[in-house]
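Worksheet: the structure to be examined is printed underneath.
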Ligand SMILES: Nc1ncnc2c1ncn2[C@@H]1O[C@H](COP(=O)(O)OP(=O)(O)OP(=O)(O)O)[C@@H](O)[C@H]1O
Ligand SMILES: [Mg+2]
């Protein structure tokens, strides 16, 4: 499954949010989007999800235009957005349920892998923040669409939990390859997870830089301490600097 | 949960204290029974007269429950329709609120003129008092659906129908139940009022008879049973709420 976005424009009334946005996610590739707060990252996902239609430009999935078409992607929001009246098991099958028949066996297998087997029948208010995010991620995985869009899924977690979750995400993804579009505002998170990074400008957003991440897989947290990691971080930071400088 | 029953226990004790005070005051001041009976007199009458009262009680119970079920169903249906059709809502909702300013006492005789003394006008009265709290509470519940959950459902491509059945309705369940609880307590009152205005049986009839023959003790028996009945219906709905509303307690500490 590949996603191609060409010359995408959108404005909210007088406010241009995306301008000539171009990007590509190849089959089974992990792509991160790095951009300042308020630049239009969530808006980009709403365009891909079909909640908004672009003013100009094209969104294509496998070469077919999906402008304004809903239900073609898997999605994981910033807040876990679990349904409080559903058990963990009922929650993870929700996205699949919307599209047709949920597969409980597969759901149980993934929950077990995530260390959540004993919480299958618990309600979300009994889970910790990290556990909720794992449930939300499994729910997205189970929805079967092969493009997975994640909107800053770990930004609300503490540093310890975040690194653990990043490792866990990578290990799950190695086994269940999908194309991933991962939105973040953390340079390190983008570098640790992705094959390629798009750096966005501030609003109106366009792609300022495209960086290929050279680190081999499987990766683990030791990568965070290497010189190569540090150099790349510096390089990416150069691209972001201007936007920090003249920000109010 | 335990806290709840403890509070309940406390108010029961306080009620008991009030009854004892009442009993003592009546005895000390030697108030005549036809003016204000002591609790012991009321209890005695309740025990002796229960044989006669029983039929009236059953009639009111079935009338209240039937009216409550109809009123709540109509209320829920109306709230769903108004919620799904915002244009209709704009026109009807203000009228609905206005309709609540018509006093039941005025409406009831009219209904009897139009529909006679049968079951129908009584059920209409009870439904009218019951449906409004259900409509208001349910609509508030639907409207207060968490925006991030709504956004999530749209992002994964849920249809409007799925949005309603999988998100809005279950999300509104606690609100709907608070509406049902208010309706339950109103329903008994509605039933008694409708019986006042013309019926062969029922607590309302019993009350009118007691009043006209200055049997104040019987009036109090009726009041006592009306309260018990309301509390009973309230309890049944609370129980249903406990069973149906899941996972809503606040985050674990
Ligand atoms: N529906 C809307 N109507 C009007 N303006 C909007 C709407 N949605 C977003 N915006 C504006 O568009 C801009 C981009 O918003 P967006 O949520 O896409 O940013 P973001 O990059 O996701 O930010 P963050 O990192 O804080 O999540 C913001 O200035 C926001 O105020
Ligand atoms: Mg955002």
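Residue numbers (the working numbering), protein chains in the order written: chain A, 60 to 307; chain B, 9 to 261. Yeah, the Cβ is synthetic: ideal placement off N, Cα and C, and Gly gets one too.
On the CB-based measure, 16 or more other CB atoms within 10 Å of its CB, does residue i come out buried or exposed?
{"i": "residue 260 of chain B", "result": "Residue placement at residue 260 of chain B is poorly supported in this model, since its pLDDT is 41, which falls under 50; the coordinates are not used for a value here."}
{"i": "residue 210 of chain A", "result": "buried"}
{"i": "residue 265 of chain A", "result": "buried"}
{"i": "residue 212 of chain B", "result": "buried"}
{"i": "residue 213 of chain A", "result": "buried"}
{"i": "residue 9 of chain B", "result": "The predicted position of residue 9 of chain B is uncertain, since its pLDDT is 48 and thus under 50; no value can be drawn from it."}
{"i": "residue 296 of chain A", "result": "exposed"}
{"i": "residue 3 of chain A", "result": "For chain A, the structure presents residues 60 to 307; residue 3 of chain A sits outside this window and is missing."}
{"i": "residue 252 of chain B", "result": "exposed"}
{"i": "residue 78 of chain A", "result": "buried"}
{"i": "residue 149 of chain B", "result": "buried"}
{"i": "residue 37 of chain B", "result": "exposed"}
{"i": "residue 105 of chain A", "result": "buried"}
{"i": "residue 64 of chain B", "result": "buried"}
{"i": "residue 113 of chain A", "result": "buried"}
{"i": "residue 178 of chain A", "result": "buried"}
{"i": "residue 191 of chain A", "result": "buried"}
{"i": "residue 154 of chain A", "result": "buried"}
{"i": "residue 235 of chain B", "result": "exposed"}
{"i": "residue 96 of chain B", "result": "exposed"}
{"i": "residue 102 of chain B", "result": "exposed"}
{"i": "residue 56 of chain B", "result": "exposed"}
{"i": "residue 221 of chain A", "result": "buried"}
{"i": "residue 187 of chain B", "result": "buried"}
{"i": "residue 117 of chain A", "result": "exposed"}
By how many angstroms is the C-alpha of residue j removed from the C-alpha of residue i?
{"i": "residue 307 of chain A", "j": "residue 100 of chain A", "result": "The predicted position of residue 307 of chain A is uncertain, since its pLDDT is 47 and thus under 50; no value can be drawn from it."}
{"i": "residue 137 of chain A", "j": "residue 208 of chain A", "result": "11 Å"}
{"i": "residue 217 of chain A", "j": "residue 244 of chain A", "result": "15 Å"}
{"i": "residue 194 of chain A", "j": "residue 231 of chain A", "result": "13 Å"}
{"i": "residue 149 of chain A", "j": "residue 184 of chain B", "result": "23 Å"}
{"i": "residue 199 of chain B", "j": "residue 246 of chain B", "result": "21 Å"}
{"i": "residue 134 of chain B", "j": "residue 243 of chain B", "result": "19 Å"}
{"i": "residue 197 of chain B", "j": "residue 60 of chain B", "result": "21 Å"}
{"i": "residue 271 of chain A", "j": "residue 98 of chain A", "result": "22 Å"}
{"i": "residue 69 of chain A", "j": "residue 161 of chain A", "result": "35 Å"}
{"i": "residue 127 of chain B", "j": "residue 30 of chain B", "result": "39 Å"}
{"i": "residue 162 of chain B", "j": "residue 156 of chain A", "result": "14 Å"}
{"i": "residue 16 of chain B", "j": "residue 81 of chain B", "result": "30 Å"}
{"i": "residue 179 of chain B", "j": "residue 142 of chain A", "result": "8 Å"}
{"i": "residue 1 of chain B", "j": "residue 128 of chain A", "result": "Shown here, chain B extends from 9 to 261; a query on residue 1 of chain B therefore has no answer."}
{"i": "residue 91 of chain B", "j": "residue 131 of chain A", "result": "28 Å"}
{"i": "residue 254 of chain B", "j": "residue 184 of chain A", "result": "10 Å"}
{"i": "residue 182 of chain B", "j": "residue 89 of chain B", "result": "19 Å"}
{"i": "residue 199 of chain A", "j": "residue 109 of chain A", "result": "17 Å"}
{"i": "residue 203 of chain A", "j": "residue 276 of chain A", "result": "24 Å"}
{"i": "residue 188 of chain A", "j": "residue 219 of chain A", "result": "12 Å"}
{"i": "residue 269 of chain A", "j": "residue 248 of chain B", "result": "57 Å"}
{"i": "residue 239 of chain A", "j": "residue 206 of chain A", "result": "6 Å"}
{"i": "residue 176 of chain A", "j": "residue 241 of chain A", "result": "26 Å"}
{"i": "residue 280 of chain A", "j": "residue 140 of chain B", "result": "60 Å"}
{"i": "residue 218 of chain B", "j": "residue 132 of chain B", "result": "26 Å"}
{"i": "residue 214 of chain B", "j": "residue 207 of chain B", "result": "10 Å"}
{"i": "residue 289 of chain A", "j": "residue 283 of chain A", "result": "8 Å"}
{"i": "residue 158 of chain B", "j": "residue 259 of chain A", "result": "28 Å"}
{"i": "residue 165 of chain A", "j": "residue 201 of chain A", "result": "8 Å"}
{"i": "residue 89 of chain A", "j": "residue 257 of chain B", "result": "38 Å"}
{"i": "residue 229 of chain B", "j": "residue 195 of chain B", "result": "19 Å"}
{"i": "residue 255 of chain A", "j": "residue 91 of chain A", "result": "6 Å"}
Can you pull the DSSP bridge partners for residue i?
{"i": "residue 70 of chain A", "result": "A:75"}
{"i": "residue 308 of chain A", "result": "Only positions 60 to 307 of chain A appear in the structure, and residue 308 of chain A is not among them; the question remains open."}
{"i": "residue 134 of chain A", "result": "A:208"}
Task: Entirely enclosed alpha helix (DSSP H) segments - the segment 75 to 123 of chain A, minimum 4 residues - done: 100 to 107
Open item on the list: List, from N- to C-terminal side, the beta strand (DSSP E) runs of 3 residues or more that fit wholly inside the segment 239 to 277 of chain A.
Closed with: 255 to 259, 266 to 271
- [ ] With 9 Å as the limit, tell me which residues of the segment 163 to 177 of chain B have their beta carbon closer than that to any beta carbon of chain A; keep them in chain order.
- [x] 163, 164, 165, 166, 167, 170, 174, 175
Task: Minimum length 4: unbroken alpha helix (DSSP H) runs contained in the segment 78 to 165 of chain B - done: 94 to 107, 112 to 123, 127 to 151, 155 to 163
TODO: Determine which residues of the segment 142 to 166 of chain A have a Cβ less than 9 Å from any Cβ of chain B, and write them out in chain order.
DONE: 142, 143, 144, 145, 146, 153, 154, 156, 157, 158
Open item on the list: Under 9 Å, CB to CB, which of the residues in the segment 117 to 133 of chain A have a partner in chain B?
Closed with: 128, 129, 130, 131, 132, 133
Open item on the list: Output needed in chain order: residues of the segment 71 to 87 of chain A with a Cβ under 8 Å from some Cβ in chain B.
Closed with: none
- [ ] Compile a chain-ordered list of the residues in the segment 57 to 81 of chain B whose CB is closer than 8 Å to at least one CB of chain A.
- [x] none
TODO: With 7 Å as the limit, tell me which residues of the segment 179 to 191 of chain A have their beta carbon closer than that to any beta carbon of chain B; keep them in chain order.
DONE: 182, 183, 184, 185
Open item on the list: Along the segment 90 to 114 of chain A, where does the CB come closer than 9 Å to a CB of chain B? Name the residues.
Closed with: 104, 105, 108, 109, 110
- [ ] Quick one: which residues of the segment 148 to 164 of chain B get their C-beta closer than 9 Å to a C-beta of chain A? List them in chain order.
- [x] 154, 156, 157, 159, 160, 161, 162, 163, 164
Open item on the list: For the segment 234 to 268 of chain A, list every residue whose C-beta sits within 8 Å of some C-beta in chain B, in sequence order.
Closed with: none
Open item on the list: For the segment 203 to 225 of chain A, list every residue whose C-beta sits within 7 Å of some C-beta in chain B, in sequence order.
Closed with: none
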